[in-house]
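Trainee:
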Amino acid sequence: MKGPLFYSKILLFGEYGIIKDSKGLSIPYNFFKGALKRDKNDSEMAQASNKSLKAFAEYLKNLELEEPSLVSFDIEALEKDVANGMYFDSSIPQGYGIGSSGALVAAIYDRYAMDKITVLENLTREKLLRLKEIFGKMESFFHGRSSGLDPLNSYLSLPILINSKDNIESTSIPSQNMKGKGAVFLLDSGMTGETAPMVQLFMENMKQEGFRNMVKNQFVKHTDACVEDFLNGNVKSLFGNLKQLSHVVFDHFKPMIPSKFHQLWQKGIETNDYYLKLCGSGGGGYILGFTQDLEKAKKALKGHNLEVVYNF
1 MKGPLFYSKI
11 LLFGEYGIIK
21 DSKGLSIPYN
31 FFKGALKRDK
41 NDSEMAQASN
51 KSLKAFAEYL
61 KNLELEEPSL
71 VSFDIEALEK
81 DVANGMYFDS
91 SIPQGYGIGS
101 SGALVAAIYD
111 RYAMDKITVL
121 ENLTREKLLR
131 LKEIFGKMES
141 FFHGRSSGLD
151 PLNSYLSLPI
161 LINSKDNIES
171 TSIPSQNMKG
181 KGAVFLLDSG
191 MTGETAPMVQ
201 LFMENMKQEG
211 FRNMVKNQFV
221 KHTDACVEDF
231 LNGNVKSLFG
241 NLKQLSHVVF
251 DHFKPMIPSK
261 FHQLWQKGIE
271 TNDYYLKLCG
281 SGGGGYILGF
291 TQDLEKAKKA
301 LKGHNLEVVY
311 NF
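Each residue of the sequence shown is one higher than the one before, counting from 1 in our numbering.
1. Taking K296 as part of the alpha helix (DSSP H), name the residues at either end of that continuous run.
2. Would you list, in sequence order, the uninterrupted alpha helix (DSSP H) runs of no fewer than 4 residues that lie entirely inside the segment 58-146?
3. Mapping the DSSP letters down to three states, classify K236 as helix, strand or coil.
4. By DSSP's criteria, G284 is part of a beta bridge. Which residues make up the other side?
5. From which residue to which residue does the beta strand (DSSP E) around F185 run?
6. I'd like to know if the segment 160-179 and the segment 49-59 are in contact, where contact means that at least 3 CB-CB pairs between them fall below 8 Å.
7. Count the other CB atoms within 10 Å of the CB of H222; is the residue buried (16 or more) or exposed (fewer)?
8. Does the segment 243-250 come within contact of the segment 214-232, defined as at least 3 CB pairs closer than 8 Å?
9. Taking DSSP's pairing of strands, which residues face P28 in a bridge?
10. According to the Cβ coordinates, are G284 and S189 closer than 8 Å?
11. Classify S26 as buried or exposed, calling it buried when 16 or more other Cβ atoms lie within 10 Å of its own Cβ.
12. Below 8 Å, how does it come out for the segment 55-62 and the segment 123-130: are there three or more Cβ pairs, yes or no?
13. Going by DSSP, name the residue or residues bridged to V308.
14. Determine, using beta-carbon pairs with one atom in the segment 25-42 and one in the segment 137-144, whether at least three such pairs fall under 8 Å.
15. Can you name, in chain order, every residue of its own chain whose Cβ lies under 7 Å from the Cβ of N241, other than the five neighbours on each side?
16. If I measure Cβ to Cβ from S170 and keep anything under 8 Å in the same chain, skipping five residues before and after, which residues do I get?
17. Three Cβ pairs or more, each shorter than 8 Å: is that satisfied between the segment 248-257 and the segment 280-300?
18. Under 8 Å Cβ to Cβ from L63, same chain only, skipping five residues before and after it: list those, please.
19. Since L361 contacts F253 with CB under 8 Å, what's their CB separation in whole angstroms?
20. Let me check understanding here. Comparing Cα to Cα, which of S91, I19 and K23 lies closest to N163?
21. From G85 to Q47, what distance separates their C-alpha atoms?
22. For F31, which residues from the same chain have a beta carbon less than 6 Å from its beta carbon, with the 5 sequence-adjacent residues on both sides left out?
Next comes the structure, spelled out in structure tokens:
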């Protein structure tokens, strides 16, 4: 048995903001992927994954009892497969902000959900929101609280535009210009980040009026503008808004930026060679970079590996 592949995702815009109803834009990233497997594999990775799936199956069993109208699974088949050593074979690094648990959730739903909503249907807004709700409840097992967006992206393998909490749609993004000088890239921080404590910190900060106002009047404003610019291919305007967004994050979200990147972050804003932003909840994992001149950015970030995601 080898299940279909589910890919990682990159939330280009909207980290933290989507908790407070900003726009967001999430795209599949096919460089990393995972699939459910049930072959003889005694590796540590396979055993750890199998153990985690056992606990996840137990969690889904309880979820079904608590919310029978939301989703039901073929728990018997799932438990049987787990008992036979099933694991999630994945190249998606964990704690890197690119949806490792999202791909797993999508794979489990795809295989074991009864009456599942399939990718081949006409995906109305209602169906997308229902999937998002189901995935959010499923993924909460891993994060304590989940929007359900990562699994949704992985399941559909389509870019998703978040207009607000109750308004999401699949979308298309401008074609890449492979000959262009500009790029979106990933920068490896060399350390993993934990989602739950970072989100908790954000929620604590949101209790302060000054922070709330900054999120609404600056963070969400620039995030929304970046989403609009990116989708409409307004590259010049996009980089103006990216600079502002990078600045706001540097000033107000410092704990989410690994300390050894503070200087590089600031350098990008000052030189305009590149702009950095959080990829997921931050605290480690990948950092997202945007540049109008990739060669310039590579020179400025010498010694760091830049993984290109999209070309302008």
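Just so it is clear, CB atoms sit at the ideal spot from N, CA and C, and this is done for glycine as well.
Mentor: Quick answer:
1. Taking the sequence shown and counting its residues from 1, one reaches residue 296 at position 296. Run containing K296: L294 to A300, per the alpha helix (DSSP H) assignment.
2. 75-83, 100-112 and 125-143
3. Locating residue 236 in the sequence shown gives position 236, where the first residue counts as 1. In this structure, K236 counts as helix in the three-state DSSP scheme.
4. Here residue 284 is taken as the residue at index 284 of the sequence shown, counted from 1. Per DSSP, none; premise fails for G284.
5. As a first step, residue 185 is located in the sequence shown; it is residue number 185 there, counting from the start. Run containing F185: A183 to D188, per the beta strand (DSSP E) assignment.
6. no
7. For the purposes of this step, residue 222 is identified with residue 222 of the sequence shown, where counting begins at 1. Buried, by the Cβ-count rule.
8. yes
9. One-based indexing of the sequence shown puts residue 28 at position 28. Its beta-bridge partners are K9.
10. Numbered from 1 along the sequence shown, position 284 holds the residue referred to as residue 284. Numbered from 1 along the sequence shown, position 189 holds the residue referred to as residue 189. For G284 and S189, yes; Cβs fall inside 8 Å.
11. For the purposes of this step, residue 26 is identified with residue 26 of the sequence shown, where counting begins at 1. S26 comes out buried.
12. no
13. The count along the sequence shown starts at 1 and reaches residue 308 at position 308. DSSP, once it has assigned bridges, lists F185 as partnering V308.
14. no
15. Position 241 of the sequence shown, counting from 1, holds the residue named residue 241. H222, A225, C226 and D229.
16. As a first step, residue 170 is located in the sequence shown; it is residue number 170 there, counting from the start. L123, L128, L156, L158, P159, I160 and L161, listed in sequence order.
17. yes
18. Here residue 63 is taken as the residue at index 63 of the sequence shown, counted from 1. L70, V71, K137 and M138.
19. Beyond the ends of the chain as shown, which are 1 and 312, falls residue 361; an answer cannot be given.
20. Locating residue 163 in the sequence shown gives position 163, where the first residue counts as 1. For N163, the nearest C-alpha among the options comes from K23.
21. As a first step, residue 85 must be located in the sequence shown, where it is residue number 85. As a first step, residue 47 must be located in the sequence shown, where it is residue number 47. Roughly 8 Å separates the two Cα atoms.
22. Against the sequence shown, residue 31 aligns to sequence position 31. Correct list: empty, nothing qualifies.
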